[in-house]
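Notes for the one structure printed next.
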Amino acid sequence: MASRVCLLLLLLFVSGGDGAAQPPAGAAAQFNVKAFGAVADGETDDSKAFLAAWAAACEQAGGSKMVIPNGTFFLYPVDFSGPCNGPVAVEMEGTVAAPPDLHSFPADKDEWIAFNHVDRLLLSVSFNYVSNSTVEKIRSINSKQFHLHVFACNNLTLRGLEITAPAESPNTDGVHIGDSAGVKSPTAGVVVSGVVCGPGHGFRVGSLGGSAGDEAVAGVTVMGCNLTRTDNGVRIKTWERPYALSAANLVFQDITMSEVRNPIIIDQHYCPEKNCKHKTPSEVKISNVRFQNISGSSSTKVAINLSCSEAEPCEDIQLIDINLAYVNRKEMWSPHALTFEDGPKAP
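All letters in the sequence shown, in the order written, are residues -21 to -1, 1 to 326 by mature numbering (1 follows the signal peptide of the UniProt record, and there is no 0).
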């Protein structure tokens, strides 16, 4: 059991209609997963018991609570679906363990735990079509892939999260906001603040323009954050493919970095595959981007790298109050500290 991937969750409440986190009013009916057959021995599959408890709570009018008590509950991939007849609180005091073997997950399923078509719900790991909700006080350890995946949501607040993954683990995004398997949705009005991160990949917008039908990104703000020994600091990246869309009104402000490998980077020549031919310039238009009051240190000589598209040059890229030092004391200044590659940057 020691090798199992675990997700530890604290007390969660459903959000009220105004978006503030609160328990359901009055004496809510409680549905304990053990009453539905959950064993909590860390070995027995408790998936059916969880689904049964959710179904009962979801059917309850006037508010209900699904209770996961102390113990270790072993779950295969599950979908908790709405709509529900009233607000549902999920009180989780135990440990939920996923199968250690990735072959236990269906090939067409990206999530371990998913909530679909629910209004005023609060929980992890995947949030699809969730509105007017608050997710708080979640601790996620060593997720299979994305720790939290947010798709097609409106007025969703995430706060008080603690996310842990090995530095070398691939694609274990802390919070991934964007498209879901084959379904496209625009991203707008995202605010990220007060995040302490490292190691990891930092903050990223993209990858954009990877397939036909990709949607635009607009109005993303990252502010008041700290990054330590991350591969990237703040990054915008797009594929070298002929799919047109836009990324605009992006703000990265009041960020402190310590020994970050690529503190500020725009990469419109992204290709993770081997032997990339780089024949098709990116058709993603990046504009109105502000990097402001970013300070600290870079672990490489190139602190700022703006590599824009030849087909769609970047426009209105602002660098304001940037103070990044190279950590190698033997060479504190580099002629390549700021690089502009390939495509021009329109004023």
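Just so you know, even glycine gets a beta-carbon here, dropped at the ideal spot from N, CA and C.
Beta-bridge annotation (DSSP): asparagine 133 is paired with Ser110. For tryptophan 33, the enclosing alpha helix (DSSP H) begins and ends at 26 to 38.
Of all alpha-carbon atoms in Glu72, Lys44, Asn64, Val67, the one lying nearest the alpha-carbon of threonine 51 is that of Glu72.
Taking C-beta atoms as the reference points, arginine 208 and glutamate 238 count as a pair closer than 8 Å. For phenylalanine 270, the enclosing beta strand (DSSP E) stretches over residues 263 to 277. Non-local beta-carbon contacts of arginine 138 in its own chain, meaning distances under 6 Å to residues more than five positions away in sequence, involve Glu115 in chain order. If you ignore the 5 residues before and after histidine 126, its C-beta comes within less than 6 Å of the C-beta of Ser119, Ile142, Gly153, all in its own chain and listed in chain order. When DSSP reads this structure, tryptophan 218 sits in a beta bridge with Tyr249.
In this structure, the alpha-carbon of cysteine 204 lies about 14 Å from that of isoleucine 243. In the three-state reduction of the DSSP assignment, valine 12 falls in the helix class, which pools H, G and I.
Take the alpha-carbon of threonine 113 and the one of asparagine 134: they are about 9 Å apart.
Look at leucine 81 here: in three-state DSSP terms it is helix. Here the alpha carbons of serine 110 and glycine 65 stand approximately 14 Å from one another.
By the neighbour-count definition (other C-beta atoms within 10 Å, threshold 16), leucine 81 is an exposed residue. Taking 8 Å as the cut-off, the Cβ atoms of methionine 45 and valine 18 do not count as close. Around the beta carbon of lysine 258, a 10 Å sphere encloses fewer than 16 other beta carbons of the protein chains shown; the residue is thus reported as exposed. Proximity to alanine 226 across Thr235, Ala77, Gln247, Ala40 peaks at Gln247, based on C-alpha coordinates.
Comparing alpha-carbon positions, the option among Gly198, Glu252, Ile273 lying closest to serine 266 turns out to be Gly198. Per DSSP, the unbroken beta strand (DSSP E) holding threonine 207 starts and ends at 196 to 207. In the structure shown, arginine 183 falls within a strand segment according to DSSP collapsed to helix, strand and coil.
Cβ-Cβ distances below 7 Å link glutamate 291 to Ser261, Glu262, Val263, Lys264 in the same chain, with the five nearest sequence neighbours on each side left out; the list follows chain order. Alanine 19 carries a coil assignment under DSSP once its states are collapsed to helix, strand and coil.
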